[in-house]
Amino acid sequence: MPLTMNRDVFITAAITGSGSTQDRSPHVPRSPEQIAASAIDAAKAGAAVVHCHVRDPESGVPSRHLDLYRELTDRIRAADVDVVLNLTAGMGGDIVFGGVESPLPTVAGTDMVGATERVAHVAECLPEICTLDCGTMNFAEADYVMTNTPGMLRAMGQMMTDLGVKPEIEAFDTGHLWFAKQLVAEGILKPDALVQLCMGVPWGAPDDLNTFMAMVNNVPDEWTFSAFGLGRSQMPFVAASVLAGGNVRVGLEDNLMLDKGVLATNAQLVERAHGIIENLGARVIGPAEVREKLGLVKQAPRG
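To convert, count from 1 in the sequence shown and add 5; that's the working numbering.
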């Protein structure tokens, strides 16, 4: 299909993620205070959306603790800069098998909880957006599987929709888009869905342009999509996504480097993406326009 460039682009900054990057760069934030400060800096640099996980403030390992999410949300909402808040709901679906000869019982790192618990922080914090990883996949490590069954996704997706929080479909391969379309057909997700195309994550869709365009061509016309590539592919995918009609995601969740040998901050990655977008002749839009475009509702956290 011919390319139709997006002329009004929003930037999502993925602030910290849940990967084991906390000891690879001093710029990867750990505490809610640090994550919020990095998110606010990214917003000031031009990010309309900040996508946030939380970590244990001392060890930096990923966490699902509700109080950490609430502190993070309160700090971002109280900031002097407006930004759309996007919280992960990807935690709680992790299986680490015991090895090829003794896969059961599962071992340390396994974190499997029910749908209500996986969405508890979303119900408490009420961000405009939260993520919905739309499939199960082998995920980089030898015996780790990211687990999201159809039943779990139907339950979580309905909870998100009922809360007035827009799910951002995380599509790591074409089958994830196929199931997301089914969720729309069943009325669990609204027709104007939002999807993030996740490129180059082992072992999902590779980050070559042929695969990327296959993903783009499977996104319905009434949906809004964004995309990212990992590591050195991050900035090339800023350009590729805009040219293909999408929006962009950058940030330390996906890439730690600004240039070879130069560790980045989230704000610097947003500034670099901002320049690429404008040099392509597009315009970077802010949070108010994103809310209007996506039909988002800014709600106060509960209590």
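Beta carbons are placed, not taken as given, at the ideal position from N, Cα and C, and that holds for glycine.
In whole angstroms, what separates the C-alpha of Gln273 from that of Phe184?
Mapped onto the sequence shown, residue 273 falls at position 268. Mapped onto the sequence shown, residue 184 falls at position 179. Using only the alpha carbons, I get a separation of about 35 Å.
In chain order, what residues of the same chain lie with their CB nearer than 6 Å to the CB of Leu188, ignoring the 5 residues before and after it?
On the sequence shown, residue 188 is found 183 positions in, with the first residue counted as 1. The answer, listed in chain order, is Gly162 and Leu194.
Report the residue from Ala232, Ala305, Met151 and His126 whose alpha carbon sits nearest the alpha carbon of Asp213.
Here residue 213 is taken as the residue at index 208 of the sequence shown, counted from 1. Comparing Cα positions, the closest option is Ala232.
Please specify which runs of the beta strand (DSSP E), each continuous and at least 3 residues long, are wholly inside the segment 30-60, giving them in chain order.
Those beta strand (DSSP E) runs which fall completely within the segment 30-60 and span 3+ residues are 54-57.
Distance, Cα to Cα, Val224 vs Leu248?
Residue 224 sits at position 219 when you count from the first residue of the sequence shown. Residue 248 sits at position 243 when you count from the first residue of the sequence shown. Those two C-alpha atoms are separated by around 15 Å.
Between the alpha carbons of Gly22 and Glu258, how many angstroms are there, rounded?
Residue numbering aside, residue 22 sits at position 17 when the sequence shown is read from its first letter. Residue numbering aside, residue 258 sits at position 253 when the sequence shown is read from its first letter. If you take the alpha carbons of Gly22 and Glu258, they lie about 4 Å apart.
Spatial neighbours of Leu261 within its chain, please: CB distance less than 7 Å, with the 5 preceding and 5 following residues excluded, ordered by chain position.
Numbered from 1 along the sequence shown, position 256 holds the residue referred to as residue 261. Excluding positions up to five away in sequence, the list reads Thr26, Arg29, Ser30, Leu268 and Ala269.
Only counting the same chain, and skipping five residues up and downstream in sequence, which positions put a Cβ closer than 8 Å to that of Val206?
Indexing the sequence shown from 1 puts residue 206 at position 201. Answer for Val206: Phe144, Ala145, Phe177 and Leu235, listed in chain order.
Looking only at its own chain, which residues have a Cβ that is under 7 Å from the Cβ of Val275, when we skip the five neighbours before and after it?
Counting from one through the sequence shown, the residue named residue 275 turns up at place 270. Here the set comprises Ile16, Ala18, Ala47, Ala50, Gly51, Ala52 and Val255.
So the candidates are Met117, Ala41, Ala113 and Glu63; which of them puts its Cα closest to the Cα of Asn271?
Working through the sequence shown from its first residue, we reach residue 271 at position 266. Among Met117, Ala41, Ala113 and Glu63, the Cα nearest to that of Asn271 is on Ala41.
Please say whether Val170 and Glu227 have beta carbons closer to each other than 8 Å?
Indexing the sequence shown from 1 puts residue 227 at position 222. Indexing the sequence shown from 1 puts residue 170 at position 165. Result no, Cβ atoms of Glu227 and Val170 do not sit closer than 8 Å.
Spell out the partners DSSP gives Ala190 in its beta bridges.
Taking the sequence shown and counting its residues from 1, the one referred to as residue 190 is at position 185. Looking at the DSSP assignment, Ala190 forms no beta bridge with any residue, so it has no partner.
For Gly24 and Gly103, what's the separation of their Cα atoms in angstroms?
For this step, residue 24 is matched to residue 19 along the sequence shown. For this step, residue 103 is matched to residue 98 along the sequence shown. Cα to Cα, Gly24 sits roughly 20 Å from Gly103.
Check the Cβ-Cβ distances between Gln273 and every residue of chain D, and say whether any is below 8 Å.
No chain D is present in this structure, which holds just one protein chain.
In angstroms, rounded to a whole number, what distance separates the CA positions of His70 and Val59?
Your numbering for residue 70 matches position 65 in the sequence shown. Your numbering for residue 59 matches position 54 in the sequence shown. For His70 and Val59, the distance between alpha carbons rounds to 8 Å.
Is Gly97 closer than 8 Å to Glu63 when the C-beta atoms are compared?
Residue 63 sits at position 58 when you count from the first residue of the sequence shown. Residue 97 sits at position 92 when you count from the first residue of the sequence shown. No. Outside cutoff.
When DSSP labels each residue in this structure, what does Gln163 get in the three-state scheme?
Here residue 163 refers to the residue found at position 158 of the sequence shown. Helix, per DSSP.
Just to confirm, is the Cβ distance from Cys57 to Thr9 under 8 Å?
Taking the first residue of the sequence shown as 1, we reach residue 57 at position 52. Taking the first residue of the sequence shown as 1, we reach residue 9 at position 4. Their beta carbons are not under 8 Å apart, which means Cys57 does not touch Thr9 by this criterion.
Just the C-alpha distance for Arg159 and Arg82, rounded to the nearest angstrom, thanks.
Here the question's residue 159 lines up with position 154 in the sequence shown. Here the question's residue 82 lines up with position 77 in the sequence shown. Approximately 29 Å between the Cα atoms of the pair.
Alpha carbon to alpha carbon, what distance is there between Asp13 and Asn91?
Here the question's residue 91 lines up with position 86 in the sequence shown. Here the question's residue 13 lines up with position 8 in the sequence shown. Each residue's Cα considered, the two are about 20 Å apart.
Compare the Cα-Cα distances from Pro37 to each of Asn11, Asp72 and Ala198 and report the closest residue.
As a working note, residue 37 is residue 32 in the sequence shown. If we check each option's Cα against that of Pro37, Asp72 comes out closest.
Cα-Cα, which of Val150, Ala147, Thr141 and Ala128 is closest to Met157?
Residue numbering aside, residue 157 sits at position 152 when the sequence shown is read from its first letter. Comparing Cα positions, the closest option is Thr141.
Span of the alpha helix (DSSP H) holding Val89?
Here residue 89 is taken as the residue at index 84 of the sequence shown, counted from 1. From DSSP, Val89 is part of no alpha helix (DSSP H) but of the beta strand (DSSP E) over Val89 to Leu92.
With DSSP run on the structure shown, which of helix, strand or coil describes Glu76?
In the sequence shown, the residue the question calls residue 76 occupies position 71. Residue state, collapsed to three classes: helix.
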